[in-house]
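Per UniProt numbering, the sequence shown starts with residue 1, numbered consecutively.
The beta carbon of each residue, even a glycine, is placed where N, CA and C say it ideally should be.
Please read the structure below before turning to the comments.
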Amino acid sequence: MSLAQPANSCSGTIYLSFDTGSQSQAEYIAQTLRRHHIKATFFMANEKTVNGDYTLDPSWAPFWKALVADGHAFGSHTFDHVYAKRDLTDGKIEVKPQFGANGGKLLAWTPQQYCDELNRVDQRFQTLTGKHIDRFWRTPGGHLTPHTLAAGEACGYKHVAWAAAGFSGDELPSDKWPNQLLLERTLKNLKDGDIVMAHLGIWSRKDPWAPAVLEPLISGLEKKGFCFATLRDHPAYKGDLKGPVAEVKAGKGRAS
C-alpha cells in the first residue's frame, strides 16, 4: 500500500481531476486513489452510464458519498453536459445539451439560464450526499466562451481547464494513441502545479485508459517526488472557494 508523502518532502504538486462519463472505470479510479491516499477533484454532469442509468441518479449516491468521505473535491460540469457553441449578439449563449429533455437541440440561453444549469449539479449533489459542491466548474469539451465564463463568475464559480501536459488523451482512439504512449507522454511532461484531466470512462475508446495508465502514472509521479492535492489547494482557486455555491445567485429569480 502506498503512503501519502509529507507535504514538505514534495518536489511539486499535481492536481488530478476527473470528469464524469460512461462510468465504466469509476470504481477502479476511486479504489486506486484510495489505495494511494490521493485526493482528486471530480467534475460532474448527469451523463448516461454503462449501467443504463445516469451519473447523478440515486443509484450513484453510494459512490459519491464514498468519495465525499474520502475527502475529494467536486465541481459542476453542467447538469445535462451542455456544450457551449458560441456567444450571440444579444448577450445570450448558443448551447447544445447532450442529455436531458433538450438533448441534441440548439438553444439560446441567457447568462442566468447558464448559471442555473451549473447550480443544478450542486442541488442534485446535495440531495444525493448532503454536501454542496465546490465553487468551480469545467465546460464540456473545453468549449469556453466569454459569455459562459462571465456567467459562471457571476454566480460564484471559477472555471478550471487543464494543463497541456495534463490532457490524458483518454478520449482519443486507442489504435492511434495507445495507452503506453499516453502514459510516457504524461509522465515526461507534467510539472509542478499542473492540472490533469481524465474521465470516469469513455464510450468510444476500445482500450480503456484508466486500468492501463492510472496506477503506473501515479506511481511514476510519486517516484519523481510529486504529491497530489485537490483544486481546493490550488493557488489559482483556493482563495475564492469558501462557502456553499447555493449562497451565491446571479440576477433576479430563475430563468424559465
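Nearest to Ala236 by C-alpha distance, out of Lys48, Gly193, Gly71, is Gly193.
A distance of 8 angstroms or more separates the beta carbons of Phe99 and Asp116. Under DSSP, Cys227 forms a beta bridge with Thr13. As for any beta strand (DSSP E) of minimum length 3 sitting wholly inside the segment 137-200, the runs are 195-199, ordered along the chain.
Close CB contacts of Val213 within its chain, under the 7 angstroms cut and outside five residues either way in sequence, are with Asn179, Leu182, Leu183 (chain order). The beta-carbon distance between Phe125 and Lys158, rounded to whole angstroms, is 17 angstroms. This is too long to meet the 8 angstroms contact definition. Counting the other Cβ atoms within 10 Å of the Cβ of Lys188 gives fewer than 16, which makes it exposed. In this structure, Thr145 is the residue among Ser204, Ile133, Thr145, His36 with its C-alpha nearest to the C-alpha of Ile93. Looking at the backbone, the Cα of Gly104 and that of Pro97 are separated by about 6 angstroms. Gln31 is not a Cβ neighbour of Leu200, given a cutoff of 8 angstroms. Ranking Phe42, Lys131, Arg86, Trp60 by CA distance to the CA of Ala229 puts Phe42 first. Look at Glu94 here: in three-state DSSP terms it is strand. Between Leu217 and the set His77, Ala198, Arg86, Trp203, the nearest pair of CA atoms involves Ala198. In the structure shown, Ser76 falls within a strand segment according to DSSP collapsed to helix, strand and coil. Per the C-alpha coordinates, the member of His147, Trp60, Asn46, Asp90 positioned closest to Ala101 is Asn46. The bridge partners DSSP lists for Phe63 come to none. Boundaries around Phe125 are those of the alpha helix (DSSP H), 111-129, since no beta strand (DSSP E) includes it. One alpha carbon belongs to Ala163, the other to Gly169, and they sit about 12 angstroms apart.
Between Ala161 and Pro111 the beta-carbon gap is near 20 angstroms, outside 8 angstroms, which marks them as no contact. Rounded to whole angstroms, the Cβ separation of Arg138 and Gly71 is 20 angstroms, and the two are not in contact under 8 angstroms. By the 16-neighbour rule on beta-carbons within 10 angstroms, Glu27 is exposed.
DSSP places Leu217 within a helical segment (H, G or I) once states are collapsed to three. For Thr41, the enclosing beta strand (DSSP E) stretches over residues 41-44. Bounds of the beta strand (DSSP E) holding Ala84 are 82-87. Check the Cα spacing between Leu231 and each of Val95, Gly21, Leu172, Leu16: the tightest is with Leu16.
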